[in-house]
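2 protein chains.
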Amino acid sequence: MALFAGTFENKVDGKGRVSLPADFRAELPEDAGRFVYVFPSPKDDALEACDKPFLERMAAAIEEAPLFSEEEDDLGASIIAQARKAQIDETGRIVLPKDFMEFADISGKAVFVGRAARFQIWSPDRFEAHAKKARERMRGRTLTLKPKGGGQ
Amino acid sequence: MALFAGTFENKVDGKGRVSLPADFRAELPEDAGRFVYVFPSPKDDALEACDKPFLERMAAAIEEAPLFSEEEDDLGASIIAQARKAQIDETGRIVLPKDFMEFADISGKAVFVGRAARFQIWSPDRFEAHAKKARERMRGRTLTLKPKGGGQ
DNA sequence: TTAAATACCATGATATCCCATAGAAACCCA
DNA sequence: TGGGTTTCTATGGGATATCATGGTATTTAA
Chain L
760 MALFAGTFEN KVDGKGRVSL PADFRAELPE DAGRFVYVFP SPKDDALEAC DKPFLERMAA
820 AIEEAPLFSE EEDDLGASII AQARKAQIDE TGRIVLPKDF MEFADISGKA VFVGRAARFQ
880 IWSPDRFEAH AKKARERMRG RTLTLKPKGG GQ
Chain Z
760 MALFAGTFEN KVDGKGRVSL PADFRAELPE DAGRFVYVFP SPKDDALEAC DKPFLERMAA
820 AIEEAPLFSE EEDDLGASII AQARKAQIDE TGRIVLPKDF MEFADISGKA VFVGRAARFQ
880 IWSPDRFEAH AKKARERMRG RTLTLKPKGG GQ
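Line order of the protein sequences matches chains L and Z. Letter by letter, the first sequence follows residues 760 to 911 in our numbering. Letter by letter, the second sequence follows residues 760 to 911 in our numbering.
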């Protein structure tokens, strides 16, 4: 499974073109027509992106409707409905749809944020503010991640 | 599972290159494209590093929180989003990203500290101070460590 | 037939690969 | 067991490939 990690800032040109960070591209299968799915984040003022397997996983979750609340069902449906396929060109760039750029307030530069199976695309300013808040919340929170197989 | 043990000090050259201690390299699987994930420690003023399985376990732990929830967001943002893939070259070196070197105040030399499933990378000075404090805390404290899996 | 979207080159900066070397450790064989 | 030899580790430096980015040409669509 693709594992997107790290944070990268790239330029967005007048055509809405932006390079996908090389580390992210490396996580996508060589063969398959290279593309990612992009959709507005249901929670943040940013865009989310993922590969096909991840979107399929979400779709599968929706199929099992009884297991999920109506809320989750709606959430999944709206994601699928809004998701757009973004082709990755020869030079490793995708084109951000205009309405998506407006939604996320992106112009000039975009920040790519790895989130394991998916990644986000932020306006640099908004990301800065958001990251700051997240750090503050983390401060109070004890880090008790216990990876199986025993961390420290 | 990888088991990193011991403490080693290596040079960091102008390009940010530093040799991974041979003992650490030996813990990484031959086959898989050799690399480690590096990220700023959430606790210390140092860098942490681990192999892919370990990061995947952390990602899995984070995903136990509902997708798009605040908790998932904070944890993901603080670890996955910061982790960067560091390729290990033919001579056994990795490149430390500039911003990471700044964060950990590393230049010239770096100290590798084994921490079982992961390891840390310190500035020699900071590590010295940190180790001293740790020794002081240990004094007067009863050691109660119980190896899991018990009887020999 | 224009505007927009897409595919196709060009380029500087950076990162990666590759070779070279000195020293340390392991080896080995009488 | 000692000396000689080989191997591996850590490190330096230069050559090369890749990345991100800008621009131009060509296709598609309205």
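For each residue, glycine too, the CB sits at the ideal point set by N, CA and C. It should be emphasised that the depicted structure is a prediction, and the values quoted were computed from it without experimental measurement.
For the stretch 774-805 of chain L, the beta-carbon criterion of a distance under 7 Å to any beta-carbon of chain Z is satisfied by Asp782, Pro801, Lys802. Per DSSP, Phe859 of chain L lies in no beta strand (DSSP E) segment; the continuous alpha helix (DSSP H) that holds it begins and ends at 857-863. Collapsing the DSSP output to three states places Ile853 of chain L in a strand. Interface annotation for the stretch 851-878 of chain L against chain Z: Val872, Gly873, Arg874, Ala875, criterion Cβ-Cβ distance under 7 Å. The C-beta distance from Phe783 of chain Z to Phe871 of chain Z rounds to 6 Å, short enough to fall under 8 Å. Going by C-alpha positions, His889 of chain Z is about 36 Å away from Pro825 of chain Z. Of all residues in the stretch 827-850 of chain Z, those with a C-beta nearer than 9 Å to a C-beta of chain L are Phe827, Ser828, Glu829, Glu830, Glu831, Asp832, Asp833, Leu834, Gly835, Ala836, Ser837, Ile838, Ile839, Ala840, Gln841, Ala842, Arg843, Lys844, reading in chain order.
DSSP, read as helix, strand or coil, puts Gln846 of chain Z in strand. Note on geometry: alpha-carbon atoms of Ile865 of chain L and Trp881 of chain L lie some 7 Å from one another. Shown here, Ala875 of chain Z sits in a strand according to DSSP, grouped into three states.
Contact check for Ala764 of chain Z against Ala876 of chain Z fails: the beta carbons are separated by 8 Å or more. Distance between Gly899 of chain Z and Asp803 of chain Z, taken at the CA atoms: about 23 Å. If you check the CB distance, Ile839 of chain L and Ala863 of chain L do not come in under 8 Å. At a cut-off of 8 Å between beta carbons, Glu822 of chain Z contacts chain L. For Ala785 of chain L, the secondary structure class from DSSP, reduced to helix, strand or coil, is coil.
In this structure, the CA atom of Ser800 of chain L is about 30 Å from the CA atom of Ala808 of chain Z.
DSSP places Phe767 of chain L in the strand class (E or B) of the three-state scheme. For the C-beta of Ala808 of chain L, not a single chain Z residue is nearer than 7 Å; the gap to the nearest is close to 14 Å. The contact set of Arg896 of chain L on chain Z, defined by CB atoms closer than 8 Å, consists of Glu829, Asp833 in chain order.
Using a Cβ-Cβ cut-off of 8 Å, Ala818 of chain Z counts as an interface residue toward chain L, since at least one Cβ of chain L sits closer than that to its own. Between Gln879 of chain Z and Ala805 of chain Z, the C-beta spacing is below 8 Å.
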